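Numbering (UniProt numbering), first residue to last: 1 to 103.
Backbone N, C-alpha and C fix where the C-beta goes; we use that ideal spot for every residue, glycine too.
In this text the structure is predicted, and so the values were computed from the model without any measurement.
What follows is a set of notes on a single structure, which appears directly below.
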Amino acid sequence: RNAEAIKGLRKHERRVKELTYQTEEDRKNVLRLQDLVDKLQAKVKSYKRQAEEAEEQSNTNLAKLRKLQHELEEAEERADIAESQVNKLRMKSREVHTKVSAE
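If you want it as structure tokens, here you go:
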């Protein structure tokens, strides 16, 4: 009977040893996974910051583009006015030239 008790005790000791080993392995895995989670969270934070910076840059560039488009439209309008004035002056010049030639 004593031998059975010793056998049972050794069996339980082995089981405790196995569970202790498994617990230690699980703890190591948890630490590894937590480290991975921390690294991934840092990457996500970095990517978010980069995305925000890119969005700010995009908004700045868009504002510059709109300003330049407005300036271009104004310049084209001034060019059209100038061209119209040049055409009027040519017409007057032709009229004057025609009158002078006719006299």
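What's the gap between the Cα of residue i and the Cα of residue j?
i	j	result
residue 1	residue 40	58 Å
residue 14	residue 45	46 Å
residue 49	residue 57	12 Å
residue 93	residue 83	15 Å
residue 73	residue 34	58 Å
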